[in-house]
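Input: a single structure, listed below in structure tokens.
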Amino acid sequence: MSSVASLGQTDKWLRVFLDALAPAPCTMSIVFPTDDEIRRSLNGYGSGGSIHMKVQSAAQQRQLQYMRPYLAHWAGDRESDAGKQDAGRRRAAPHVKSYIRFCDEKMDSVDWAMVTSANLSTQAWGAAVNAAGEVRICSYEIGVVVWPQLYSAAAMVPTFKADCPPSTTDSVDGVIGLRMPYDLPLTPYKEDDAPWCATASHTEPDWLGQTWTV
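Residue numbering for the sequence shown follows this note's numbering, beginning at 489 and increasing consecutively.
Right, here's the structure in full:
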């Protein structure tokens, strides 16, 4: 995710949004780069100019507090790589809005995936029906959704640095690949991890020796 807007001071909207994406109970993760991952990205701080999550005001801090359990690293390479499947994009900062529903928590099979212009915001997705039966829609968005049956396939599986599943996959003719934009399994934020904020100054130099001043 490259942009998270104001969602409200409670997680009400986020819960309704999650229920719409996955009617059955599930675990949601929001993959968003930390300030450290932006510092170490290909263009350093220059990569972060179009990646947005505001965390400065009291209201924004309250939003961050309820979102923190959902946040996961983009690169996730500060920990051991043991068991990681490398998508090859750790240093490429994410200007992408993708939504993926996996079949289960093993994340080895995909129900559906979408690449879209819609960031995580009430403006992009609208608000759910209220007591008066009204739906608030703020903007037009466009995206592409794929799922296994669209290609007459029995299953869709995540692939890494490749478009197609490895030939060793059983019944490969009935399996289609989804090229992942990030590594799996995901790495949750730790308590001291901070999401990148382009509207705040960053005095610690990036790998190019640059600082970020606003």
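Note that beta-carbon positions come from the ideal geometry of N, C-alpha and C, so glycine has one too.
Residue closest to residue i, alpha-carbon to alpha-carbon, out of the options
{"i": "Gly665", "options": "Lys678, Pro646, Ser545, Thr675", "result": "Pro646"}
{"i": "Met595", "options": "Val617, Gln551, Cys514, Tyr554", "result": "Cys514"}
{"i": "Ser586", "options": "Val632, Leu552, Asp523, Gln551", "result": "Val632"}
{"i": "Leu608", "options": "Met516, Val623, Trp600, Leu530", "result": "Met516"}
{"i": "Leu509", "options": "Leu530, Trp635, Arg589", "result": "Arg589"}
{"i": "Pro636", "options": "Pro693, Ala601, His690", "result": "Ala601"}
{"i": "Ile539", "options": "Thr522, Gln549, Ser545, Tyr554", "result": "Thr522"}
{"i": "Leu623", "options": "Met541, Ser494, Trp501", "result": "Before going further, note that residue 623 is Val rather than Leu in the sequence given. Checked all of Met541, Ser494, Trp501; the closest Cα to Val623 is Trp501."}
{"i": "Asp524", "options": "Arg566, Ala570, Gln573", "result": "Arg566"}
{"i": "Gln549", "options": "Leu495, Pro511, Ala570, Gly571", "result": "Leu495"}
{"i": "Glu679", "options": "His561, Val634, Ala512", "result": "His561"}
Opening and closing residue of the beta strand (DSSP E) in which residue i lies
{"i": "Ile588", "result": "586 to 590"}
{"i": "Met555", "result": "No beta strand (DSSP E) contains Met555, which is instead part of the alpha helix (DSSP H) from 546 to 555."}
{"i": "Leu666", "result": "663 to 667"}
{"i": "Thr610", "result": "Looking at the DSSP string, Thr610 is not in any beta strand (DSSP E); the run it does join, the alpha helix (DSSP H), is 610 to 613."}
{"i": "Ala643", "result": "643 to 647"}
{"i": "Gly631", "result": "631 to 634"}
{"i": "Val617", "result": "Taken as a continuous stretch (DSSP letters only), Val617 belongs to no beta strand (DSSP E), as it is neither H nor E."}
{"i": "Trp600", "result": "598 to 604"}
Cβ shell of residue i (< 8 angstroms), same chain only, five flanking positions each side left out
{"i": "Trp695", "result": "Arg527, Arg528, Gly532"}
{"i": "Arg579", "result": "Arg528, Ser529, Leu530, Ala563"}
{"i": "Ser627", "result": "Gln611, Ala612"}
{"i": "Cys591", "result": "Ser597, Val598, Asp599"}
{"i": "Ala547", "result": "Ser494, Gln497"}
{"i": "Glu593", "result": "Thr515"}
Residue i vs residue j beta-carbon contact at 8 angstroms
{"i": "Val543", "j": "Cys652", "result": "no"}
{"i": "Gln497", "j": "Gln551", "result": "yes"}
{"i": "Val492", "j": "Tyr670", "result": "no"}
{"i": "Leu559", "j": "Tyr677", "result": "yes"}
{"i": "Ala616", "j": "Val702", "result": "no"}
Same chain, Cβ closer than 6 angstroms to residue i, neighbours up to 5 away in sequence not counted
{"i": "Gly536", "result": "Ile526, Trp684, Ala686"}
{"i": "Ser605", "result": "Glu629, Ile630"}
{"i": "Lys649", "result": "Gly576"}
{"i": "Thr657", "result": "Low confidence applies here, because Thr657 scores a pLDDT of 49, under 50, leaving its location unreliable; read the following figure in that light. So the list reads Val663, once near-sequence residues are dropped."}
{"i": "Arg667", "result": "Thr647, Asp651"}
{"i": "Val634", "result": "Ala601"}
Expected contact under 8 angstroms - CB spacing of residue i and residue j to nearest Å
{"i": "Gly662", "j": "Ala643", "result": "7 angstroms"}
{"i": "Ser490", "j": "Pro582", "result": "5 angstroms"}
{"i": "Leu672", "j": "Gln573", "result": "5 angstroms"}
{"i": "Asp507", "j": "Tyr554", "result": "With 8 angstroms as the limit, Asp507 and Tyr554 do not qualify as a contact, their Cβ atoms being about 16 angstroms apart."}
Residue range of the alpha helix (DSSP H) that includes residue i
{"i": "Trp501", "result": "500 to 509"}
{"i": "Asp523", "result": "523 to 527"}
Chain-order list of residues whose beta-carbon lies under 7 angstroms from that of residue i (same chain, five-residue window excluded)
{"i": "Trp613", "result": "Phe505, Ala606"}
{"i": "His690", "result": "Asp523, Tyr533, Thr699, Trp700"}
{"i": "Pro693", "result": "Thr699"}
Heavy atom of the ligand MN within 7 angstroms of residue i beta-carbon
{"i": "Leu530", "result": "Absence of the ligand MN from the depicted structure is noted, as is the absence of any ligand whatsoever, leaving it without description."}
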